[in-house]
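Working notes for the structure below.
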């Protein structure tokens, strides 16, 4: 398997495990950790964890919201300028989590480069 796929899967698995015990920022910890141990190059450092957490948070928010027929998601989507569409809210949620994870992964890559230098 390529390093991109390994990093993607490891980020999702670690994010799921950490989200059981930690708050929302656990996705940042997962992305930072996988960036330290599974080295990626160039833009993949940002986009692989971004897409992993985007997918995780969209699926997770869908599973949580479908249990109550998207009632709370619809109300929050009305408060935000989203036209009351809960699916757009899930997409925005995923993008926010993805951005946090991508930035944390870039930081993890920078840490790994800093540690390797003598």
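Numbering (the working numbering), first residue to last: 29 to 146. Where a beta carbon is used, it is the ideal one built from N, C-alpha and C, also for glycine.
Taking C-alpha positions only, residue 144 is separated from residue 135 by approximately 14 Å. Using a 10 angstroms sphere on the CB of residue 69, the tally of other CB atoms stays under 16, which defines it as exposed. When the beta-carbon positions are compared, residue 84 and residue 44 come within less than 8 Å of each other. Secondary structure note for residue 56: its alpha helix (DSSP H) is the uninterrupted segment 54-65. A Cβ-Cβ contact shorter than 8 Å links residue 73 with residue 133.
When secondary structure is reduced to three states using DSSP, residue 69 falls in the coil class, being assigned neither helix nor strand. When the beta-carbon positions are compared, residue 57 and residue 39 stay at least 8 Å from each other.
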